[in-house]
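Engineer:
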Amino acid sequence: PRRGGAGPEVLEPMGSLMSTSKSEKAKPNMKAQLTQQDKAILDLKASRDRLKKYQKAMETDSAKLLKQAIALNKAGKKDRAVLCMKMKRYKEKQVGQVDAQLLTVEEMVQTIQWETETMKVVEALQEGNKALDAIHSVMSVDKVEALMDETAEAIAVQQEIDGLLSGEDIAVDEGELEAELAAMEADLMGTAATPTPQLPVMPAVPTQKPVVAHTEPALAVEPERVAVAS
Numbered sequence: 001p002r003r004g005g006a007g008p009e010v011l012e013p014m015g016s017l018m019s020t021s022k023s024e025k026a027k028p029n030m031k032a033q034l035t036q037q038d039k040a041i042l043d044l045k046a047s048r049d050r051l052k053k054y055q056k057a058m059e060t061d062s063a064k065l066l067k068q069a070i071a072l073n074k075a076g077k078k079d080r081a082v083l084c085m086k087m088k089r090y091k092e093k094q095v096g097q098v099d100a101q102l103l104t105v106e107e108m109v110q111t112i113q114w115e116t117e118t119m120k121v122v123e124a125l126q127e128g129n130k131a132l133d134a135i136h137s138v139m140s141v142d143k144v145e146a147l148m149d150e151t152a153e154a155i156a157v158q159q160e161i162d163g164l165l166s167g168e169d170i171a172v173d174e175g176e177l178e179a180e181l182a183a184m185e186a187d188l189m190g191t192a193a194t195p196t197p198q199l200p201v202m203p204a205v206p207t208q209k210p211v212v213a214h215t216e217p218a219l220a221v222e223p224e225r226v227a228v229a230s
């Protein structure tokens, strides 16, 4: 009787031990899975922080390039002014592309099946970081200041920008750039053409005193009396 009673007491701890060992085996996989996901999220956050930094720098760079383009245009160096505008467009395009890439990664992080598609996120993050590195490696806009001079350095900078833009798909009409440059220049100078509202036409002011016609008052006509026979 004691054996029969002792049997379940012995088996119960063994079953518990077996279930514990199974859960312990499953824990490392779960931990590794969460670690990969967390790492991807942290990498994505770091990449987006870098992008925000570049976006702020882009605003400063765009202002510098525009200022230099206007100065070159005033100096009669229209070809170099247009080159600065192309450089501005190129940098803006780069930041826009990286923003789109990281947005895609962000969507993947939220929807991906981590068990089978982890490498997709890793590869996408790598591409995004390469694009960020490419932005960082682009020549400093401070170099464009040399374009004002007719020196060997100015020619070298012009050739460097031409070489940089030649390999990029920037379909920009130079006439459009020139028009944009002229509009911005006019806006900065405060000479932008604005439509003048038409004022209502007022009557001419009289130069002489008005002449008042004097008319005699009409006399009252008495009714004709008729004699009545008595």
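Those letters in the sequence shown? Residues 1 to 230, by full-length UniProt numbering. Heads up, the beta-carbon is just placed ideally off N, CA and C, and yes, glycines get one too.
Where does Gly76 sit, in a helix, a strand or coil, going by DSSP?
Structural biologist: Coil at Gly76, not helix or strand.
Engineer: Determine the burial state of Ser128: buried for a count of at least 16 other Cβ atoms within 10 Å of its Cβ, exposed for fewer.
Structural biologist: Note that residue 128 is Gly in the sequence shown here, rather than Ser. Buried: at least 16 other Cβ atoms inside 10 Å.
Engineer: Any beta-carbon of chain B closer than 8 Å to the one on Gln110?
Structural biologist: Looking for chain B here will not work: only one protein chain is present.
Engineer: Work out the CA separation of Ala124 and Leu103 for me, nearest whole Å.
Structural biologist: About 10 Å.
Engineer: Apart from the five residues just before and just after Asp43, which ones in its own chain have a Cβ nearer than 6 Å to its Cβ?
Structural biologist: Closer than 6 Å at Cβ, skipping near neighbours: Leu125.
Engineer: If we count the other Cβ atoms within 10 Å of its Cβ and call it buried at 16 or more, is Ala100 buried or exposed?
Structural biologist: Exposed is the call here.
Engineer: Looking only at its own chain, which residues have a Cβ that is under 7 Å from the Cβ of Val105, when we skip the five neighbours before and after it?
Structural biologist: Cβ within range, chain order: Leu44, Val121, Ala124, Leu125, Gly128.
Engineer: If Ala63 and Cys84 are in contact, beta carbons under 8 Å, what's the gap, nearest whole angstrom?
Structural biologist: Their Cβ separation, rounded to whole angstroms, is 12 Å, which puts Ala63 and Cys84 out of contact at 8 Å.
Engineer: Tell me the rounded alpha-carbon separation between Lys91 and Lys74.
Structural biologist: Their Cα atoms are separated by approximately 23 Å.
Engineer: Tell me whether Ile161 is buried or exposed, calling it buried when 16 or more other Cβ atoms sit within 10 Å of its Cβ.
Structural biologist: Buried, because 16 or more other Cβ atoms sit within 10 Å of the Cβ of Ile161.
Engineer: Roughly how far, in whole angstroms, is the beta-carbon of Met87 from the beta-carbon of Leu66, given that I think they are within contact range, below 8 Å?
Structural biologist: The pair is not a contact, with the Cβ atoms about 10 Å apart (cut-off 8 Å).
Engineer: Around the Cβ of Ala156, are there at least 16 other Cβ atoms within 10 angstroms (buried) or fewer (exposed)?
Structural biologist: It counts as exposed.
Engineer: For Ala46, does the count of other Cβ atoms within 10 angstroms reach 16, so buried, or fall short, so exposed?
Structural biologist: Flag for Ala46 reads exposed.
Engineer: Measuring CB to CB, does Val109 end up less than 8 Å from Ala179?
Structural biologist: The answer is no: Cβ separation not under 8 Å.
Engineer: Short of 7 Å in beta carbon distance, which residues of its chain neighbour Ala131, apart from the five on each side in sequence? Order them along the chain.
Structural biologist: Closer than 7 Å at Cβ, skipping near neighbours: Gln97, Val98, Gln101.
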